[in-house]
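For the protein sequence lines, the chains are A and B, in the order given. In this text, residue positions in the first sequence follow our numbering: the first is 1, and each later residue adds one. In this text, residue positions in the second sequence follow our numbering: the first is 365, and each later residue adds one.
2 protein chains.
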Amino acid sequence: MASAGAQMKRQSRSNGTVTIRDIAGKAGFSPSTVSIVLNNAPLARYIPAETKERIHKVARQLGYRPNQLARSLRSQRNHTIGLIVFNITDPFCTPILHGIETALYQASYISLLADAHNDRSRFERYLEMLLERRVEGLIVVANWLVVQIDLLADLENRSIPTAVIGRKLSLGAVSSVMVDNEAGARMAVEHLYSLGHREIAFLRGPKVLVDTGQRWRGIRSFAQSTGLALDPKLILDLPKSFDPNEGFDAGFRLTEELLRRKLHFTALVAFDDVTALGAMRALTVAGVKVPQQCSVIGFDDVAPAALSFPPLTTIRQPMETMGACAVGLVADAIAESQTLPLHRKLAPELVVRQSTTKPATESQ
Amino acid sequence: MASAGAQMKRQSRSNGTVTIRDIAGKAGFSPSTVSIVLNNAPLARYIPAETKERIHKVARQLGYRPNQLARSLRSQRNHTIGLIVFNITDPFCTPILHGIETALYQASYISLLADAHNDRSRFERYLEMLLERRVEGLIVVANWLVVQIDLLADLENRSIPTAVIGRKLSLGAVSSVMVDNEAGARMAVEHLYSLGHREIAFLRGPKVLVDTGQRWRGIRSFAQSTGLALDPKLILDLPKSFDPNEGFDAGFRLTEELLRRKLHFTALVAFDDVTALGAMRALTVAGVKVPQQCSVIGFDDVAPAALSFPPLTTIRQPMETMGACAVGLVADAIAESQTLPLHRKLAPELVVRQSTTKPATESQ
DNA sequence: TCCCGAAGTTCGATTTAAATG
DNA sequence: GCATTTAAATCGAACTTCGGG
C-alpha cells in the first residue's frame, strides 16, 4: 500500500515533459543511476552495458530532454551570455551580431538578446533582467550609443565578464573591442590625398560619439604631416541623433548646404557610409557627378555601401571579427575566471570601389 | 580536497551572489518569510510593516537579485521565447527582429536568439537547445528559407506555441504570419501598367521559395484580367541560393542578359529589393536611364531601397508589424494555453519613389 | 479562517556517501 | 576491496502547512 501510494505520487504529469524520474520508473532503476548513465559520469564505469542500454532506450522512447534550468541551478552554469545592442536596425550592427552568433555557436553558448533602443532606462531594465537570469557573460554592442553606460562599470560588473564593442570604458573591469578609428580616418584622407585631392570637405560625426573625435584626430594628424590645408568652411558636423539611420538625411542636408554656399571641393569624407550615401544623393541631385566631379568616401562598409551607385569607396571595419573577438574575450574570462579587462583595437581596411577617383584636371 | 568554504555549512559564497537565505540570516527571519515579503505574496498581509521594511532594507543592502533559474524551475515559467532566424544579415530580417523585440519587451519577455544560417543541422541543434531551456514559445523568421522545416511540425510542437514568419506549414499546430504576396505582386504590375507600361520584364525568385510562386500567381492573374501580355522571353528566374544578399549579383547578371539579347522592355519587376538594386546597376552601367528609359520596382522595402539612386519604388512588407503579430500570436497562445494554429496574412503597401515613371513616348 | 512566523515540500537534475551482494 | 546501485543532500526560490500568540 505504502509503495503504491508512493508510486501514485508522481504519475501523469499534466505538463507533458519527461523527467529523469519517469525514465527511472520505467526502466526500473533509481534517478541517480539514470543521471549517471545519461551523463556518462565517472561512476558510469561500474555500470554494466546492459543497464546502460536499457536506460538509453527508455530515454529515447520517452523523448527525454534534460531540463537545463534544473541543470543550471545545480551546476551554476547556463552557457548563456547576454547580448545588448543599441539599435538592431543599424546596418552596422548586423554583421557584428553575425560574428558574435557564429562564435557563440562554436563555443556552445547561446545568447539572450536585448535591444536597448538607445534608451537608458531600457538598458538598465534589460541589464537587470539578464543578471537575474545569471548570464555568464555580457556583450554590449555600443555603436552609435548616445547614452552613457557607466553603470556597466559601476553596477556589479566586477563579477561577470563583460565586453563592449565600439566603446572603451575608462572605469571598471570591462573589456573592449574597437576599430582603430584614428588610423581608419587617416587612411581615408590619405587615399584622397594620394589621388591628388587638396580641397576636401568633411562631414564629421555627432560630437557625442567617441568615434567622431578619434577619427578627426587621425585626419588632423595626416593633414599636419603632409601640409594639407583643412578649410574650416568645408567642415560640418552631423547633429546629435539617436538613430544612425537618420545619417542619410543629415548627410544629404549638410552636402546641400555646402553646395548652396558655392564652396569648392573635389572630394568629401563622410563620417560613415550612410552619411556618405546621403551626400552622394545630394551631389547627384545637384548635377555633380560622383566620382568625376567629386569623390566621396565613407566609413564602416555596411551592406548598402556596396549596393549603391556608384558603389561606395569606404574604410571597412572588420565587424564580424569584432564580434568574434568580443566572444573570445568573454569566453576566456569565463573559462579562466579572470577579471582583468583587455582592450583590443582592430585594424580597418581601405575598400576602393567607384566613388573615388582623381580630381578633374581643371577646377570643378 | 573539500575547501574550508565547502565544509562550513553556508558561509561566504565564493560565487558572490546573494540568496534569500543570506537575507534571512542577516535580517533574523526565515527564508520563507523573506520570500513572502519580497514577493508581496498573499500571506504578506499578516506581516507587520516593521518586519517588511527590515527585510527590504537588508535585501537592498546586500544587492539581492532573485535567481530566475530557481524561480523558473519552481514556477514552470521563464518568460523566454526562442527566436530562430535564417540569416541575420538579411536586411529583410532586421525590421522583423525589431518588431519582435519591441513587442516582447512590452510583454516582459526576453528572447534567446539563434541564427540557423539556413542550415538544417544547425537549425535542429538550436531547436533542441531552445527546447531544453524550456522556452515558452518559439518564433521562426523563415524568410529566404531554403531548407525544409517540417520538423517543427513533426517534432514536439504539439506542446509549445510556435509562429513562423514568412511561411505557412501545412502540418502541425504552427501559426504563421505572411504578407499577401499575391496581392503585393499584383500591385507592382498594376502600378507599372497604370503608368502605361506594356512591355515588362520579370526577374522571378528562386523556385524553392514559396513567395516566388505566390507572387507570380498575382502577376498572372492581373495579366489575365487586363489582357497584358507576358512575354516568356522577358521572364527570368533567380538561381537557388542560400544567401539573400547574393540577389544583387543575380539581379545584375540576369538584367545584363536581357540587355545582351537586345530585348525590348520599358519596365522591370524584380523579385525583391536587393535584386532590383542589382538590376538598376546593370541598367545604369549599360547606359539605360532609370526611370526615364526603364522603370524598376522591387519588393520588401528594406533599408537600402530608400538609400539607392534613384530611390527604389517598391512593395512594402509591414515587417515590424509582422514581428509584433507573431509575438501576439505566441503570447496569446501561452496565456490561454490554446494550441489551435492561427494564420495571418498581412496587406502589403505600394511605396512610390523615383525608380518608376511613365514609359518614354517613343520606344526605348 | 485573526496574527505572525517557521518548517517542510517541491521544481529537475547532479553528486556524495553509503548500502548492497 | 570490488562491482553495482541508491538514498540523501544540494542548487534558490515559492508555496503549503503547521504551531504558537
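Glycine included, every Cβ here is placed at the ideal spot set by N, Cα and C. This structure is a prediction, so every number in the text was calculated from the model and none was measured.
Taking only three categories from DSSP, how would you classify residue i?
i, result
"T383(B)", "coil"
"G687(B)", "helix"
"I334(A)", "helix"
"R65(A)", "coil"
"G25(A)", "helix"
"A724(B)", "coil"
"G548(B)", "helix"
"V541(B)", "strand"
"I169(A)", "Before going further, note that residue 169(A) is Leu rather than Ile in the sequence given. In this structure, L169(A) counts as coil in the three-state DSSP scheme."
"R409(B)", "helix"
"G137(A)", "strand"
"I464(B)", "helix"
"L263(A)", "coil"
"E53(A)", "helix"
"V422(B)", "helix"
"T94(A)", "helix"
Give me the chain A residues within the contact set of residue i, using Cβ-Cβ distance strictly less than 7 Å, ordered along the chain.
i, result
"E620(B)", "Under the 7 Å cutoff, chain A gives no residues; its nearest Cβ is about 15 Å from E620(B)."
"R429(B)", "L131, E132"
"F393(B)", "None at all; the shortest Cβ gap to chain A is about 22 Å."
Taking residue i as part of the beta strand (DSSP E), name the residues at either end of that continuous run.
i, result
"S659(B)", "659-664"
"T313(A)", "313-316"
"D637(B)", "Segment 637-649 is the alpha helix (DSSP H) holding D637(B); no beta strand (DSSP E) there."
"L435(A)", "This structure cannot settle anything about residue 435(A), because the visible part of chain A is limited to 1 through 364."
"K345(A)", "343-346"
"T80(A)", "80-85"
Compute the Euclidean distance between the alpha carbons of residue i and residue j, then round it to the nearest angstrom.
i, j, result
"L704(B)", "S589(B)", "37 Å"
"S3(A)", "L62(A)", "Here S3(A) scores only 36 on pLDDT, less than 50, and its place in the model is too uncertain to base an answer on."
"V382(B)", "R429(B)", "7 Å"
"S475(B)", "L104(A)", "16 Å"
"A631(B)", "A201(A)", "38 Å"
"F309(A)", "T255(A)", "17 Å"
"A360(A)", "R680(B)", "41 Å"
"D211(A)", "T576(B)", "43 Å"
"Q68(A)", "R645(B)", "50 Å"
"I419(B)", "A690(B)", "41 Å"
"I81(A)", "M322(A)", "16 Å"
"R134(A)", "L495(B)", "19 Å"
"K26(A)", "V58(A)", "7 Å"
"M355(B)", "I47(A)", "The structure shown has nothing for residue 355(B), since chain B only spans 365 to 728."
"A552(B)", "G662(B)", "8 Å"
"C658(B)", "F629(B)", "7 Å"
"S355(A)", "P206(A)", "24 Å"
"I334(A)", "A276(A)", "40 Å"
"Q148(A)", "N118(A)", "10 Å"
In chain B, which residues lie less than 7 Å from residue i when you measure between Cβ atoms?
i, result
"I88(A)", "T458, L461, H462, E465"
"P91(A)", "A667"
"L277(A)", "L671"
"G16(A)", "S523"
"F406(A)", "Not covered by the structure: residue 406(A). The range shown for chain A is 1 to 364."
Check the Cβ of residue i against every Cβ in chain B and list those closer than 8 Å, keeping chain order.
i, result
"P291(A)", "Simply none; closest approach about 14 Å."
"M280(A)", "F673"
"N39(A)", "Under the 8 Å cutoff, chain B gives no residues; its nearest Cβ is about 14 Å from N39(A)."
"T284(A)", "F673"
For residue i, go through chain B and note every residue whose CB falls closer than 9 Å to its CB, in chain order.
i, result
"D115(A)", "L461, H462, E465, T466, Y469"
"N143(A)", "Within 9 Å Cβ-Cβ: nothing; N143(A) doesn't reach chain B, min ~14 Å."
What is the residue span of the alpha helix (DSSP H) that residue i lies within?
i, result
"R217(A)", "210-226"
"S399(B)", "395-402"
"E492(B)", "484-496"
"G251(A)", "247-260"
"L671(B)", "667-671"
What I want to know is whether the C-beta of residue i ends up closer than 7 Å to one or more non-hydrogen atoms of the ligand SAH.
i, result
"A506(B)", "Within the structure as shown, the ligand SAH is missing, as the structure has no ligands at all."
Could you name the residues of chain A that residue i contacts, counting a contact when the two beta carbons are closer than 9 Å?
i, result
"N545(B)", "Under the 9 Å cutoff, chain A gives no residues; its nearest Cβ is about 23 Å from N545(B)."
In chain order, what residues of the segment 316-341 of chain A put their CB closer than 8 Å to some CB of chain B? none
Any residues in the segment 69-84 of chain A with a beta carbon nearer than 8 Å to a beta carbon of chain B? Which ones, in chain order? L69, A70, S72, L73, Q76, N78, T80, L83
Closer than 9 Å between beta carbons: that is the criterion. Which residues of the segment 474-503 of chain B meet it against chain A? I474, S475, L476, L477, A478, D479, H481, R486, R489, Y490, E492, M493, L494, L495, E496, R497, R498
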